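Take any residue in the sequence shown, count from 1 to its spot, add 761: that is its number in this note's numbering.
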Amino acid sequence: MHRGQIAISGTVIIVQRTIVPETLPSVAAGDPSDAASNARVLHFLHIGKAAGTQVRHLARQVNAAQDRWRIVKHDHNTNLRDLTREDAYFFSIRDPLTRFVSGFYSRKRKGQPRLNVPWTMDERQAFKRFPHANDLAEALFAPGARGLDAIAAIKSIRHTSKNQVDWFESRGALLTVQPPVWILRQERFEADWASLVRRLGLTGKFTPTRDDAKSHRNDYSDVPPLSAKARANLTTWYVQDIHFYEMCATWLDSPPPRPSRRPRASRLNS
């Protein structure tokens, strides 16, 4: 749990927020972190628009096929600091510029066809002012009201407002102090997934879905491509994520030893 403080008339009240993981249907009944299941829990931190839906599909196969590991997929609101220091976890990342385009149009479609999440009032205004991702990207840092509107818009759209590195707030040394079991890159998803399976010591074939709707994959060939100006602006805006992606890629070249398969209970921070 996270603990927050609210002061009312000089009195401090402690407020607790429980992080509830999404339990995949193939996970045994009850708490997926129950040690009695004789499986070690592997947490998946779900960074938005970075192959999380595909991971969900594969996690169901893994959980149904064996009882040494149980993958627990969390929602977008769970960050690394919500886990204990001992918890096994992995996550997926994506090139920041393609993630921006995907996130922009995903929310413009309200998540359809797989989902149907209404716009917020802020998102409605963002899409009214900027019909396309390139429009928004080109307007970033523009002088006057146009530039301010662009900043407001990019911070209003759910999947563009949050940086990938934000999932690791206050855990900047994660790759040395609290390293993941593995990291998946959307651009090299199948190869990185195969490496994760090997590191977990699993056998069997786990097949990514080719269904575009199920994997939340979409074709953007009919939308304006990012111009040179748009790409330059986004490179400046997402500079932290660009360096974070490079840092993760470097780590993947020389990761720590494979994790133990020893069954162990897992819990979220309290």
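Cβ atoms here follow ideal geometry from the backbone N, Cα and C, with glycine treated the same way. Small disclaimer: the values here were computed from a predicted structure and weren't measured.
If Y866 and Y999 are in contact, beta carbons under 8 Å, what's the gap, nearest whole angstrom? 17 Å between Cβ atoms; not a contact.
Residues bridged to V833 [DSSP beta-bridge criterion]: H804
Rank A913, F902, T937 by C-alpha distance to the C-alpha of K889 and give the top, closest one. A913
Does the stretch 800-820 come close enough to the stretch 958-969 to have 3 or more Cβ pairs within less than 8 Å? Taking 8 Å as the limit for Cβ pairs, the verdict is that the stretch 958-969 does touch the stretch 800-820.
Based on the DSSP output, what are the partners of I944 in its beta bridges? F852
6 Å Cβ shell around G791 - same chain, five flanking residues per side excluded: No answer about G791 holds up, because its pLDDT of 32 lies below 50 and its placement is not dependable.
Cα-Cα separation between A955 and H837, rounded to whole angstroms: 24 Å
How about E847 and N994: do their beta carbons lie closer than 8 Å? no
Use the C-beta contact count for T997: other C-beta atoms within 10 angstroms, 16 or more gives buried, fewer gives exposed. Per the 10 Å Cβ criterion, exposed.
Going by DSSP, what residue range makes up the alpha helix (DSSP H) through Q925? First-last for Q925: undefined, no H or E at that position.
Counting beta carbon pairs with one atom in the stretch 1002-1009 and one in the stretch 911-930, are three or more of them shorter than 8 Å? yes
Expressed to the nearest angstrom, what Euclidean distance is found between the alpha-carbon atoms of A826 and A903? 53 Å
Using the C-alpha atoms, what's the distance from H893 back to V984? Rounded to the nearest whole angstrom, the C-alpha separation of V984 and H893 is 7 Å.
Which runs of the alpha helix (DSSP H) fall wholly inside the stretch 983-1011 and span at least 4 residues, in chain order? Here the runs fully enclosed are 989-998.
A934, buried or exposed, once every other Cβ within 10 Å from all chains shown has been counted against 16: exposed
Can you tell me where the alpha helix (DSSP H) holding I915 begins and where it ends? 906-915
Contacting residues, own chain, Cβ-Cβ under 7 Å from K916 (five flanking each side not counted): S922
Helix, strand or coil at L844 [DSSP, three-state]: Strand.
Please classify E930 as buried or exposed, where buried requires at least 16 neighbouring CB atoms within 10 angstroms. With fewer than 16 other Cβ atoms within 10 Å, it is exposed.
By Cβ distance below 7 Å, which residues in the same chain neighbour P879 in space, the five residues on each side in sequence not counted? K871
If we ignore side chains and look at the alpha-carbon of each, how far apart do F967 and Q947 end up? 17 Å
W880 by DSSP, collapsed to three states: which one? Coil.
My guess is that S853 and A812 are in contact by the Cβ rule of under 8 Å, so how many angstroms apart are they, rounded? 5 Å
Return the residue from the list Q939, P969, D883, T937 that minimises the CA-CA distance to F950. Of the candidates Q939, P969, D883, T937, P969 places its Cα closest to the Cα of F950.
Would you identify the three-state DSSP class for G864, choosing helix, strand or coil? helix
V833 versus P986: straight-line alpha-carbon distance, rounded: 36 Å
Assigned exposure category for R860 - 16 Cβ within 10 Å defines buried: buried
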